[in-house]
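Chemist: Sharing a structure below in structure tokens format, with a few things to ask.
Chains as they are written, first to last, in my numbering: chain A, 1 to 450; chain B, 1001 to 1454.
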């Protein structure tokens, strides 16, 4: 373990900078086996950071400049997130590099076979760590990562730690199997994971970034790749931690449930929405209608559960095809396909499920050539939804009565996805919030969706 | 739960919007509606005056006509959970306030309107044949909203969401934010061409935390095109298996739901529950708890309903308290029968449905046969099905040989999570449990799913 309080002094970067120069500097020192990092006072000549996509997975790529050896710096920080009932929650989080607090941690994207280095810088008042469930052969500061025990033989951490108030530890592993994984604190996880020390790790297969696994039938449209990271919050636990007090887990009682660190309606805002400065990840699944020739590839949803019980997530209008779980493809010993369709993705604590999905109008309804076979009631005889275009048909908008507000832009469809343990789509009294998002289907191009 | 204070401005202006939609100019509108007062006074509006189509004209002869309303049902009054259970507002012999659907197909307008405050739980079970492109037939379900008799302060809309229906447009999905919902007194017709056999569920999706929990939930399934062919000694199947592996002799639906008495009481008493305090006080099988689950069926064939002259349900024989819970869960079968069980869970907790002494083969899940994309058989045997909220499972068991000496052998089907298999009563086995009775023979062919055959 090393200390780094002198490293970060005066070199905190903005979120968008992602501290890449610092990553490089840290790499040099780590690979030299240095026990103490030298102060860094200049952070000039950082390469420009490409903007995150507005929707879909916003990868944080490793730095270090050596192909196949990505390096990630993670810094534990404290901060606040906004919740749908207007409340805020005090959180702990892994920030990207030395950036400001964010929740959840950055989405670490690597390639199969990469030797991944993760350097944890701990600013918290407790020792902390990163555990990598699903990865094998993880080292910490060059030695096999091990559970930690105190002098009395009692386990204190599931893996090696970075000391409180400035410690560091460097983990490394070979990302041998493609898939979706969690990373999370292994130290007092009942406290630290609950406080927000978790994130997603994506290992892309050798077949390419548009495949989930090394199977031809796991191909998806890389423009339609989404994360569904599900979590929960007991606000009293967070309050106790903020006040520096202990919390009796026997009293644990979640009041909030989140998707990608947000509750609906924040969940469908863009990535990096300005009014959610610490919650960078949206959950809107914007896709095109499936078409055998024009748009043949499915989308991909990577589900992760960091909560304490099964979350039954229900996408309307399509059965997701579960093609992998916990970083392994669903296949038999001879490559048999063991994938299965689900309309309720019932994902357990600590599990990840990889799901490909598509949507199309099975009837091909069209206002002229193939109208819906019922008389559409007058709008006075309907209650109109806030995402409705006024028309049953994709790409068609109708004038809504004055006073009826819609967010519909171009006749696109909004098809909901939500946790079906329905008491969990509430936020301590604010109903119809929490882990809800939408599949947005845009009309075929050219369209005026902007 | 809708609160009037949120909406009157929008409602008033919505009516102005109608003018352009209905191609009636403003001057004509003012003549018809009696002037500007009608424009601003939401409560004076009579929408159907100006609409080009009357609400009833939405469709002719739907295959099924469902009405959403409120009502009362029965759960064992012991133990009491004061003040929530039994509800002191409940008319005898009932205990629990619900929202629910009723089958009003074929009723007169007067009979239909009589069903306000007479909801049932679970909702009417129904089924559809798989859509056949060679012989295309639309399945149409008309939904109306009779309003809430006990809560006239609410004017919640309702919808029908067919949970799990693939590749449906939002207009027919019944999810109200992405499309439309049915206000009180109005109608909407959902059109289905089901292409995927299997077990589904349906529910109202308006404010569904509340409407689902209050009881607007039921089971629906799709019969495969393969039905009627003779394959593997069967003519009735759960899926288009091609080999008879999903064939059965009789079939029973097991719809799982829950009652948190505080929330039901709160709706009746104009209160709001804190949903994160949710607990399942009662876990229900087809809308009842054991031993009521083995009481007789009411009239549950949705396509041949029998009702009284007012259009109301007729209570199962000897059980006036189960008048609005018509679905029995008793499984009667002959030794050697292949028995299909369709499970669907719209409770908020995972259940662990167990058959003691009988192994089930899981042949489908979420309306999908247990086959990989390359045809690999992924079916499996178990005695316990863990069924999460919103999941369905299709299982088949072979009825064991009759042992005797009684007329039938009894096997229990129950929730292995024992907190869901009691009624909070000391020593009482209840909740999500029923009996499987295996006879040596003589159980007649079923007239409809869940038919006892004796």
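For every residue, glycine included, the Cβ atom is placed at its ideal position computed from N, Cα and C. Since we're looking at a predicted model, the values are computed, not measured.
Tell whether a beta-carbon distance below 9 Å holds between residue 288 of chain A and residue 100 of chain A.
Modeler: The residue labelled residue 288 of chain A in the question sits at position 288 within the first chain. The residue labelled residue 100 of chain A in the question sits at position 100 within the first chain. For residue 288 of chain A and residue 100 of chain A, no; Cβs fall outside 9 Å.
Chemist: DSSP state of residue 1134 of chain B, grouped into three classes?
Modeler: Along the second chain, one-based indexing puts residue 1134 of chain B at 134. Three-state result, residue 1134 of chain B: coil.
Chemist: Measuring CA to CA, which of B/1069, B/1369, B/1234 is closest to residue 1212 of chain B?
Modeler: Position 212 of the second chain, counted from the first residue, corresponds to residue 1212 of chain B. If we check each option's Cα against that of residue 1212 of chain B, B/1069 comes out closest.
Chemist: Taking the straight line between their C-alpha atoms, what separation do you get for residue 238 of chain A and residue 263 of chain A?
Modeler: As a position in the first chain, residue 238 of chain A is number 238, starting the count at 1. As a position in the first chain, residue 263 of chain A is number 263, starting the count at 1. Using only the alpha carbons, I get a separation of about 17 Å.
Chemist: Beta-carbon of residue 224 of chain A versus every beta-carbon of chain B: anything under 9 Å?
Modeler: Residue numbering aside, residue 224 of chain A sits at position 224 when the first chain is read from its first letter. It does not; no Cβ of chain B falls within 9 Å.
Chemist: Quick check on residue 1296 of chain B: does DSSP put it in helix, strand or coil?
Modeler: Here residue 1296 of chain B is taken as the residue at index 296 of the second chain, counted from 1. Three-state result, residue 1296 of chain B: coil.
Chemist: Which residues mark the beginning and the end of the beta strand (DSSP E) in which residue 315 of chain A is found?
Modeler: Reading the first chain from its first residue, position 315 is the one you call residue 315 of chain A. 311-315 is the span of the beta strand (DSSP E), which, as asked, contains residue 315 of chain A.
Chemist: Pick out the complete beta strand (DSSP E) segments inside the segment 1181-1218 of chain B, 3 residues or longer, and give them in chain order.
Modeler: DSSP runs (the beta strand (DSSP E)) wholly in the segment 1181-1218 of chain B: 1187-1192, 1198-1203.
Chemist: Does the beta carbon of residue 1047 of chain B sit closer than 9 Å to a beta carbon anywhere in chain A?
Modeler: Taking the first residue of the second chain as 1, we reach residue 1047 of chain B at position 47. Caution is warranted here: a pLDDT of 34 is assigned to residue 1047 of chain B, below 50, making its placement in the model unreliable, and the coordinate value is therefore given only provisionally. It does; some Cβ of chain A falls within 9 Å.
Chemist: Along chain B, in chain order, which residues have C-beta atoms closer than 7 Å to that of residue 337 of chain A?
Modeler: Locating residue 337 of chain A in the first chain gives position 337, counting from the first residue. By Cβ distance, chain B contributes 1372, 1373, 1374, 1376.
Chemist: If the cut is a Cβ gap below 9 Å, which residues of chain B does residue 343 of chain A touch?
Modeler: Working through the first chain from its first residue, we reach residue 343 of chain A at position 343. In chain order: 1163, 1164, 1165, 1166, 1200, 1366, 1367, 1368, 1390, 1391, 1392.
Chemist: Would you check if the distance between the CB atom of residue 59 of chain A and the CB atom of residue 120 of chain A is smaller than 9 Å?
Modeler: Here residue 59 of chain A refers to the residue found at position 59 when the first chain is read from its first residue. Here residue 120 of chain A refers to the residue found at position 120 when the first chain is read from its first residue. No, the Cβ-Cβ distance between residue 59 of chain A and residue 120 of chain A is not below 9 Å.
Chemist: Looking at the C-beta of residue 349 of chain A, does it have a partner C-beta in chain B at a distance below 9 Å?
Modeler: Working through the first chain from its first residue, we reach residue 349 of chain A at position 349. Residue 349 of chain A does not count as touching chain B.
Chemist: Please confirm if residue 1340 of chain B has its CB atom under 9 Å from at least one CB of chain A.
Modeler: Numbered from 1 along the second chain, position 340 holds the residue referred to as residue 1340 of chain B. By this cut-off, residue 1340 of chain B is not an interface position.
Chemist: Using a Cβ-Cβ cut-off of less than 9 Å, list which residues of the segment 189-219 of chain A approach chain B; keep chain order.
Modeler: The segment 189-219 of chain A vs chain B, Cβ under 9 Å: 217.
Chemist: Whose CA, out of A/242, A/128, A/201, A/243, lies closest to the CA of residue 186 of chain A?
Modeler: Numbered from its first residue, the first chain carries residue 186 of chain A at position 186. Residue 186 of chain A has its Cα closest to that of A/128, out of A/242, A/128, A/201, A/243.
Chemist: Indicate whether the contact test is met: 3 or more Cβ pairs, each with one atom in the segment 232-247 of chain A and one in the segment 315-327 of chain A, closer than 8 Å.
Modeler: As far as the Cβ criterion goes, the segment 232-247 of chain A does not touch the segment 315-327 of chain A, which means the pair count is below three.
Chemist: Do residue 1222 of chain B and residue 1183 of chain B have their CB atoms nearer than 9 Å?
Modeler: By 1-based counting over the second chain, the position of residue 1222 of chain B is 222. By 1-based counting over the second chain, the position of residue 1183 of chain B is 183. It is not a contact, given that the beta carbons lie outside the stated cut-off.
Chemist: Report yes or no: is there a C-beta of chain A within less than 9 Å of the C-beta of residue 1133 of chain B?
Modeler: As a working note, residue 1133 of chain B is residue 133 in the second chain. No, no contact with chain A.
Chemist: Helix or strand or just coil, what does DSSP make of residue 286 of chain A?
Modeler: Walking along the first chain from the start, residue 286 of chain A turns up at place 286. Residue 286 of chain A: strand per DSSP, three-state reduction.
Chemist: Does the distance from the CB of residue 1433 of chain B to the CB of residue 1289 of chain B come in under 9 Å?
Modeler: Numbered from 1 along the second chain, position 433 holds the residue referred to as residue 1433 of chain B. Numbered from 1 along the second chain, position 289 holds the residue referred to as residue 1289 of chain B. Yes, Cβ-Cβ distance for residue 1433 of chain B and residue 1289 of chain B is below 9 Å.
Chemist: Quick test of the definition: if touching needs 3 or more C-beta pairs under 8 Å, does the segment 1352-1372 of chain B touch the segment 1397-1404 of chain B?
Modeler: The segment 1352-1372 of chain B vs the segment 1397-1404 of chain B: in contact.
Chemist: Can you list the residues of chain A that residue 1217 of chain B reaches, using a CB-CB cut of under 9 Å?
Modeler: Here residue 1217 of chain B is taken as the residue at index 217 of the second chain, counted from 1. Going along chain A, no residue has its Cβ under 9 Å from residue 1217 of chain B, so there is no contact; the nearest lies around 11 Å.
Chemist: So, are the CB atoms of residue 112 of chain A and residue 204 of chain A less than 9 Å apart?
Modeler: Translated into the one-based positions of the first chain, residue 112 of chain A becomes position 112. Translated into the one-based positions of the first chain, residue 204 of chain A becomes position 204. Cβ atoms of residue 112 of chain A and residue 204 of chain A: closer than 9 Å.
Chemist: Residue 118 of chain A and residue 213 of chain A - do their beta-carbons sit closer together than 9 Å?
Modeler: The residue you call residue 213 of chain A lines up with position 213 of the first chain. The residue you call residue 118 of chain A lines up with position 118 of the first chain. Result no, Cβ atoms of residue 213 of chain A and residue 118 of chain A do not sit closer than 9 Å.
Chemist: Starting from the C-beta of residue 1081 of chain B, find all residues in its chain whose C-beta is less than 7 Å away, skip the five residues before and the five after it, and write them out in chain order.
Modeler: Locating residue 1081 of chain B in the second chain gives position 81, counting from the first residue. 1261, 1281, listed in sequence order.
Chemist: With H, G and I counted as helix, E and B as strand and the rest as coil, what does DSSP make of residue 1085 of chain B?
Modeler: Position 85 of the second chain, counting from 1, holds the residue named residue 1085 of chain B. Note: residue 1085 of chain B maps to strand in three-state DSSP.
Chemist: So, residue 358 of chain A versus residue 444 of chain A, is the Cβ gap smaller than 9 Å?
Modeler: Within the first chain, numbered from 1, the residue matching residue 358 of chain A stands at position 358. Within the first chain, numbered from 1, the residue matching residue 444 of chain A stands at position 444. No. Outside cutoff.
Chemist: What residue from A/188, A/110, A/394, A/200 has the CA that sits closest to residue 209 of chain A's CA?
Modeler: Against the first chain, residue 209 of chain A aligns to sequence position 209. Taking only the C-alpha atoms, the option nearest residue 209 of chain A is A/110.
Chemist: What does the alpha-carbon distance come out to for the pair residue 159 of chain A and residue 256 of chain A?
Modeler: Taking the first chain and counting its residues from 1, the one referred to as residue 159 of chain A is at position 159. Taking the first chain and counting its residues from 1, the one referred to as residue 256 of chain A is at position 256. Cα to Cα, the separation comes out at about 29 Å.
Chemist: Using only the alpha-carbon positions, how far apart do residue 1166 of chain B and residue 171 of chain A sit?
Modeler: Here residue 1166 of chain B corresponds to residue number 166 of the second chain, with the count starting at 1. Here residue 171 of chain A corresponds to residue number 171 of the first chain, with the count starting at 1. Each residue's alpha carbon lies about 44 Å from the other.
Chemist: Is there a C-beta anywhere in chain B that falls below 9 Å from the one on residue 69 of chain A?
Modeler: By 1-based counting over the first chain, the position of residue 69 of chain A is 69. Chain B, which has no Cβ nearer than 9 Å to the Cβ of residue 69 of chain A, makes this no.
Chemist: What in chain A is Cβ-close to residue 1213 of chain B, meaning under 9 Å?
Modeler: The residue labelled residue 1213 of chain B in the question sits at position 213 within the second chain. Per Cβ cutoff of 9 Å: 422, 423.
Chemist: In chain order, which continuous runs of the beta strand (DSSP E) of length 3 or greater are located wholly inside the segment 135-202 of chain A?
Modeler: Listed in chain order, they are 155-157, 167-174, 179-184.
Chemist: What are the residues that DSSP puts in a beta bridge with residue 415 of chain A?
Modeler: In the first chain, the residue the question calls residue 415 of chain A occupies position 415. In DSSP, residue 415 of chain A forms a bridge with A/439.
Chemist: With a cut-off of 8 Å, do at least 3 Cβ pairs link the segment 91-98 of chain A to the segment 66-83 of chain A?
Modeler: Verdict: yes, contact present.
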